[in-house]
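So for the sequence shown, the numbering used here puts the first residue at 2; every next one is plus one. All C-beta atoms, glycine included, are put in the ideal place defined by N, C-alpha and C. Values in this document were obtained by computation on a predicted structure and should not be read as measured data.
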Amino acid sequence: MANILIVEDELNMLRLLRDWLEFHNHTVYLATDGQKGLEMLNNHIVTPDVIISDLSMPHMDGLELVTQLKQSEQWKHTHIIIISGSKVDEKNAIGAGANQFLLKPFTLSHLENALSKV
Numbered sequence: 002m003a004n005i006l007i008v009e010d011e012l013n014m015l016r017l018l019r020d021w022l023e024f025h026n027h028t029v030y031l032a033t034d035g036q037k038g039l040e041m042l043n044n045h046i047v048t049p050d051v052i053i054s055d056l057s058m059p060h061m062d063g064l065e066l067v068t069q070l071k072q073s074e075q076w077k078h079t080h081i082i083i084i085s086g087s088k089v090d091e092k093n094a095i096g097a098g099a100n101q102f103l104l105k106p107f108t109l110s111h112l113e114n115a116l117s118k119v
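This is the structure we're talking about:
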């Protein structure tokens, strides 16, 4: 299946996503903010097929993470799903280069649908 990096600061959401993705045979890597996720990528700790990132996080938010990844030759083609509690964020996330947007709360079938599109 896919290598997936989850970038999420809410531990319950992080665990839920990890458990569901691992149950579906994905290899999952975890980062608790955008800065840590970017460090994992740049230090070649993970080469993800998909990144699932929360939008609102400390140190580096998901929008800044997407912006930096899309400016990088190495990561600009990586598929990114942004999750947020505000529908208003969708336009900015897609405009920055995210491939999909999920509005919290979402069902796991919504996540599965977003993954199938990327």
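Burial state of Thr108 is exposed, judged by a 10 Å Cβ sphere holding fewer than 16 other Cβ atoms. For Val119, the CB contacts under 7 Å within the same chain, skipping 5 residues up- and downstream, are Val51, His80, Ile82, Asn100, Gln101 in chain order. Just measuring C-alpha positions, the residue of Ile95, Ala3, Asn114 sitting nearest Leu56 is Ile95. Across the structure, Asn44 and Leu70 are spaced so that their CA atoms are roughly 14 Å apart. For Asp55, the enclosing beta strand (DSSP E) begins and ends at 51-55.
In this structure Met2 is exposed. Its beta-carbon is surrounded by fewer than 16 other beta-carbon atoms within 10 angstroms. Counted as a single uninterrupted DSSP element, the beta strand (DSSP E) harbouring Ile83 occupies residues 80-85. Cβ atoms of Thr28 and Asp10 stay farther apart than 8 Å, at about 21 Å. When DSSP reads this structure, Thr28 sits in a beta bridge with Asn4.
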